[in-house]
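A quick write-up on the structure given underneath.
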Ligand code: HEM
Ligand SMILES: [Cu+2]
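Chains as they are written, first to last, in the numbering used here: chain A, 1 to 86; chain B, 1001 to 1858.
So, in structure tokens, the structure goes:
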């Protein structure tokens, strides 16, 4: 399952995406676009790292679900709490 | 490692990792905490004998007693006693020889014990925490509690730290039990057939995993506030709500966390003493799952009196009512089981029945509090006190029933039945005398000893009830003491209709639990012969334990059915290790470190006093604080400093030895593992740990988002001066993730040089990351921007600091691994530890991927 080639490709993509986040805020895209764009890039990067470097694509789905539940809990807390003070 | 010393030697209890021993340790320790918490309650109840107090306690002492009573009962008694049962029984009920990680289990226990000791030490540090067990902000930071409480700030900090240490213990236990229950069930034992106590515990630990992680995050922030003077909970900019959200996101599930094990015991005892399988068993399990899920959807019903908006209050009122429905189903299932079975009123059953009655009353009175309008009237009064004691002590009641139920199994002796019933009578009468009057005095404000004269009679009844209730426990202890000395020997199964697996082996069970490999493949429990080393006599012996639930039609006793004799060591071939001193030592090291940490505030203030004074001269930390107040803390206390640094040294050494020790805990070869087949035990454990870390980090990042939303998003500017420094660190961390995955490839190829090079590169990159960070912080400090300079600064320094701390832990583990490769060629045969390390390291990388835009760009 381990292929140095895959890992290297992913590494290069990750570097590019990291730079992309920076570019969003360096050139004037407007705050909302830049924010949405960077967050999207962050999500893609996280998924790539989790999926390939942490081998989640090869593990039983249940592990991914468990991690998704944890992430969901965070969103639940933050969104509900954020909404409660609107 | 070495053999396990006999039970009569003290050494045995310091080194044991066996689940039954650890279970006994948990049970006895939690009972000691029950006594301590109970004594506190009796003291403050005595103080309440007259309106305005009898003078027994000062105002502050009263607050400390009430607060510590609450903390001890919820955290150091109620949860751990259930953990004790689970430790002892869950492996037996699922057919495992031990928990998945025996040394981790012992470590959980020692952290628990030492955390409790820390809590009580806090009384001698100028007074313990006195702001209620809910630790509401902003009273939870010293600068808002002037006067007497300022002196108590060390003791108060200690109580918070003790709680944090307790949560660390809980997290380790959670990882252990989730791995065990999901991956160590005997062949043929599907989840649906699992005994109900184990079911309830499985759901408990799932809830714990998510709930306690949120509490841990909150406690980290609070501890940093108290020790380093950051301002999460010190401002008037949302601090109170931030704490309430984090605390109750934990706190509401906690209510079910403490109640579920009790519920499980009720299901077991109702089955056994009604001689009948639980009516609607499947629906009961589904209801429990529903409640476990819903428990995370109702936390704001504790916040109806705060400034959260009305829509969200209404929504949470609805979800709260929703959660009572599955509970109704469980209550009816219990009642119908009684109706359809033949009830035998033994002591354990009486307690379980009593628990049911109390729970119904507690539940009904809770509905009042779940309605926004009524809550405006009842919140903060004795109604609440009565309600939550009916619910929580209902749980206690069932757990006491559990003590009687499993006493013969654990001790090997019978208790005295009549005395047991006497205990129940005193307990039940005392309890109701204590708490029912509190519903009637609902106008008395909570945590206040001044009440209107008309309520005097009710309060005096309650105090009398408290003493009756407290005394009833002495009957129980006397009964157990009598049983240990004179009690008749218990058969394997003293209860005619009990059917779970723990009753199919001797009382008490032998160290290895089973005479062979337990299997449910044929529908009932059998012991399959496993190794040739096994004596032929005990082969495939038909125990008659079903997976779960007795039935009134079966009249045969199962007591003499097992062929195992206690002294038979069937499994010497496997060489499972049982003894290790390092869990104890790690617990001790952590204890010393935290003891020192509680007094570090003074040291920090002393070291930073110029900066604090300068800073407060220009800009207010918050309107209530002035420089004198904070600088009053200054105190270079070398004793605390020594403890803190010495503790870190001792802890590091113990962790190192723990890591080096050879300790074999064989993974079950044949087991039911749904839905987690296909990952090893350790890897699964690592993933569970990471899931909890997602919540910890998520809550800390969430705190930043929440405070920023509160402040109006655009009032915050990025704190770091140079965006490129963050970008550089992004590149560095991504590269280190790449090298660590290459290290795994090298380990798989058994390439020692390559492995050392890749792991070494990872460590160098980690150090480079820290160097950039240090440079960045140094620049900020040079400009006079510190973590106490304002809320945004606290958020920036703590969040990125927590991440940096993760990097440091990773570096320590990585360094250890490098040392192991160099000295003993580790991981070349078995590369899995490198993979586990990688999982952690990549996780830390992912966190940075989120932190970088949040703190450097937006
Ligand atoms: C046996 C298990 C018990 C549990 C789990 C328990 C739990 C708690 C908790 C969580 C609090 C809240 C403390 C706070 O508000 O900070 C509390 C308060 C209190 N407890 Fe207990 N308790 C138990 C037994 C007792 C006993 C035996 C007594 C009386 C002798 C007692 C009397 C009280 C009283 C009067 C308060 C004050 C409540 C307040 O003013 O907030 N409790 N208890
Ligand atoms: Cu609640």
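Cβ atoms here follow ideal geometry from the backbone N, Cα and C, with glycine treated the same way.
Just so we're clear, the structure is a prediction, and the values are computed from it rather than from any experiment.
By the three-class DSSP mapping on this structure, what secondary structure does residue i have?
i, result
"residue 1452/B", "coil"
"residue 1443/B", "coil"
"residue 1843/B", "helix"
"residue 1016/B", "strand"
"residue 1669/B", "coil"
"residue 1518/B", "strand"
"residue 1496/B", "coil"
"residue 1489/B", "strand"
"residue 1184/B", "coil"
"residue 1234/B", "coil"
"residue 27/A", "coil"
"residue 1529/B", "coil"
"residue 1818/B", "helix"
"residue 1579/B", "strand"
"residue 1413/B", "strand"
Cα separation between residue i and residue j?
i, j, result
"residue 1719/B", "residue 1229/B", "18 Å"
"residue 1619/B", "residue 1166/B", "For residue 1619/B, the predicted structure reports a pLDDT of 49, less than 50, and the residue's modelled location is therefore unreliable. A value from the coordinates is still provided. Distance between the alpha carbons of residue 1619/B and residue 1166/B is about 37 Å."
"residue 1638/B", "residue 1220/B", "24 Å"
"residue 1608/B", "residue 1740/B", "39 Å"
"residue 1140/B", "residue 1828/B", "51 Å"
"residue 1257/B", "residue 1201/B", "9 Å"
"residue 1467/B", "residue 1024/B", "28 Å"
"residue 14/A", "residue 1744/B", "19 Å"
"residue 1130/B", "residue 1642/B", "27 Å"
"residue 1587/B", "residue 1593/B", "10 Å"
"residue 1856/B", "residue 1708/B", "14 Å"
"residue 1568/B", "residue 1512/B", "In this prediction, residue 1568/B scores a pLDDT of 39, lower than 50, which makes its location untrustworthy; the coordinate-derived value is nonetheless stated afterwards. Distance between the alpha carbons of residue 1568/B and residue 1512/B: 9 Å."
"residue 1408/B", "residue 1022/B", "18 Å"
"residue 1704/B", "residue 1795/B", "6 Å"
"residue 1847/B", "residue 1697/B", "8 Å"
"residue 1363/B", "residue 1041/B", "23 Å"
"residue 1048/B", "residue 1157/B", "28 Å"
"residue 1026/B", "residue 1020/B", "10 Å"
"residue 56/A", "residue 1285/B", "30 Å"
"residue 1080/B", "residue 1207/B", "15 Å"
"residue 1579/B", "residue 1102/B", "9 Å"
"residue 1182/B", "residue 1098/B", "13 Å"
"residue 67/A", "residue 1840/B", "13 Å"
"residue 1732/B", "residue 1187/B", "47 Å"
Using only CA atoms, which one of the options lies nearest to residue i?
i, options, result
"residue 1339/B", "1278/B, 1397/B, 1772/B", "1278/B"
"residue 1264/B", "1255/B, 1195/B, 1276/B", "1195/B"
"residue 1090/B", "1178/B, 1322/B, 1520/B", "1178/B"
"residue 1463/B", "1437/B, 1452/B, 1474/B, 1283/B", "1437/B"
"residue 1759/B", "1791/B, 1297/B, 1684/B, 1816/B", "1816/B"
"residue 1432/B", "1472/B, 1448/B, 1404/B", "1472/B"
"residue 1323/B", "1584/B, 1295/B, 1331/B, 1751/B", "1295/B"
"residue 61/A", "1684/B, 1729/B, 1724/B", "1684/B"
"residue 1429/B", "1410/B, 1461/B, 1401/B", "1461/B"
"residue 1630/B", "1527/B, 1314/B, 1015/B, 1610/B", "1610/B"
"residue 1824/B", "1781/B, 1756/B, 1218/B", "1756/B"
"residue 1515/B", "1337/B, 1768/B, 1095/B", "1095/B"
Problem set entry | the segment 18-41 of chain A: positions lying closer than 9 Å to chain B by Cβ | Within the segment 18-41 of chain A, the residues whose Cβ lies closer than 9 Å to some Cβ of chain B are 18, 19, 21, 22, 24, 25, 26, 31, 34, 35, 38, 39, 41, listed in chain order.
Exercise. Taking any Cβ of chain B, which residues in the segment 40-66 of chain A have a Cβ under 7 Å from it, in chain order?
Worked result: So the close ones are 42, 45, 46, 49, 50, 53, 54, 59, 60, 62, 63, 66.
Problem set entry | Members of the segment 1188-1211 of chain B that neighbour chain A once the beta carbon cut-off is set at 7 Å | The residues in question are 1210.
Problem set entry | Where the segment 1780-1805 of chain B meets chain A: residues whose CB sits under 9 Å from a CB there | Within the segment 1780-1805 of chain B, no residue qualifies.
Exercise. Any residues in the segment 1653-1678 of chain B with a beta carbon nearer than 9 Å to a beta carbon of chain A? Which ones, in chain order?
Worked result: 1674, 1675, 1676, 1677, 1678: these are the residues of the segment 1653-1678 of chain B whose beta carbon lies less than 9 Å from some beta carbon of chain A, given in chain order.
Exercise. Between the segment 1284-1309 of chain B and chain A, which residues of the former have CB atoms less than 9 Å from a CB of the latter, in chain order?
Worked result: Listed in sequence order: 1296, 1297, 1299, 1300, 1303, 1306, 1307, 1308, 1309.
Problem set entry | Contained alpha helix (DSSP H) runs [length at least 4] in the segment 1342-1409 of chain B, N- to C-terminal order | Correct list: 1347-1370, 1372-1378.
Exercise. Which whole runs of the beta strand (DSSP E) in the segment 1239-1290 of chain B are 3 residues long or more, in chain order?
Worked result: Segments of the beta strand (DSSP E) lying fully in the segment 1239-1290 of chain B: there are none.
For this session: Kindly provide the ranges of any alpha helix (DSSP H) runs that are 4 or more residues long and lie completely inside the segment 33-76 of chain A, ordered along the chain.
Result: Secondary structure remark: continuous alpha helix (DSSP H) runs of at least 4 residues inside the segment 33-76 of chain A: none found.
For this session: Output the residue ranges of the alpha helix (DSSP H) runs that lie fully inside the segment 1060-1105 of chain B and measure 4 residues or longer, sorted by chain position.
Result: Taking only runs of at least 4 residues, the alpha helix (DSSP H) segments lying wholly in the segment 1060-1105 of chain B are 1079-1094.
For this session: Can you give me, in chain order, the residues of the segment 1841-1854 of chain B that have a beta carbon less than 8 Å from any beta carbon in chain A?
Result: Listed in sequence order: 1842, 1843, 1845, 1846, 1849, 1850, 1852, 1853.
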